[in-house]
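These notes concern the structure reproduced below.
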Amino acid sequence: CRVMRSLLVALLVFGALPIIIVRPHVGVLVWSWIGYMNPHRLTWDFAYTMQFAVMIAVPTLFGLLLTRDRKPVPAAAEIWLMAILLAYFTFTTPFAWAPDEAWGQLEKVTKVILMTVVTTMLIYGRDRIRALFFVLALSIGFFGLKGGIFTLRTGGGEMVQGPEGSFIEGNTFIGLALNMVIPVVIAMA
133 CRVMRSLLVA LLVFGALPII IVRPHVGVLV WSWIGYMNPH RLTWDFAYTM QFAVMIAVPT
193 LFGLLLTRDR KPVPAAAEIW LMAILLAYFT FTTPFAWAPD EAWGQLEKVT KVILMTVVTT
253 MLIYGRDRIR ALFFVLALSI GFFGLKGGIF TLRTGGGEMV QGPEGSFIEG NTFIGLALNM
313 VIPVVIAMA
């Protein structure tokens, strides 16, 4: 059973890679699933430490270059603000109190901003936006359901946390994520 979870996640990701090159918007959906749910962190074998997000991002970017099924980057204020924020982070990181840790954080933030811009190019129209909302709601909602069952089973005596190494790993982060996904669920109704 230990290897089965790893095999399942690896098969899903590797099976999606050829599709992602041809339909890069699927890459955004799979990248979002890996990024929000971190299913590989629910395994105990080889998949636990695999860099699935990178494995998905590379063919997504390659597919983005090949496809005509994309929109230009919107000239929205939010995009400009993200670019300014990234420039600010890049400028200030060498002067951080803990530069080694700051460089790691800058790398994470850069990847997230890059894929956010890619998302604006590939996810448009009602169907694709609903698909992205569906992935977000299921990815975060999974931990709400799992945490709810865990809380009932333990009588609330233990803490519920997200997967190790994820953005929702911390003490109250999963609660915040569940609250933030409520508008997404409402929008899907």
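If you're matching positions, the sequence shown starts at 133 in this note's numbering and goes up one per residue.
Built from N, CA and C at the ideal position, the CB exists for glycine as well.
Buried or exposed: which applies to residue i, given that a residue is buried once 16 or more other Cβ atoms fall within 10 Å of its Cβ?
i	result
T251	buried
Taking the alpha-carbon positions, what's the residue i to residue j distance?
i	j	result
V154	T199	8 Å
L196	V190	10 Å
P226	I261	38 Å
L143	A228	40 Å
W176	L139	11 Å
L277	T283	10 Å
Would you call the CB atoms of residue i and residue j closer than 8 Å?
i	j	result
I152	T192	yes
I245	L218	yes
G273	V313	yes
V145	M187	yes
I248	L238	According to the sequence as given, residue 248 is Thr; it is not Ile. Contact flag unset, no.
Excluding the five sequence neighbours on either side, which residues of its own chain have a C-beta within less than 6 Å of the C-beta of residue i, listed in chain order?
i	result
L254	P156, H157, V160, R202
Ordered along the chain, which non-local residues of its own chain (more than five positions away) have a Cβ less than 8 Å from that of residue i?
i	result
M291	N303
L264	V160, L161, S164, T251, I255
G294	N170, F275, I300, E301, G302, F305, I306, A309
Note down, in chain order, each residue of its chain lying with its Cβ closer than 7 Å to the Cβ of residue i, except the 5 sequence neighbours on either side.
i	result
G167	A185
S298	N170, R173
Starting from the N-terminal side, write out each stretch of the alpha helix (DSSP H) that is 4 residues or longer and does not extend beyond the region 163-232.
184-198, 209-224
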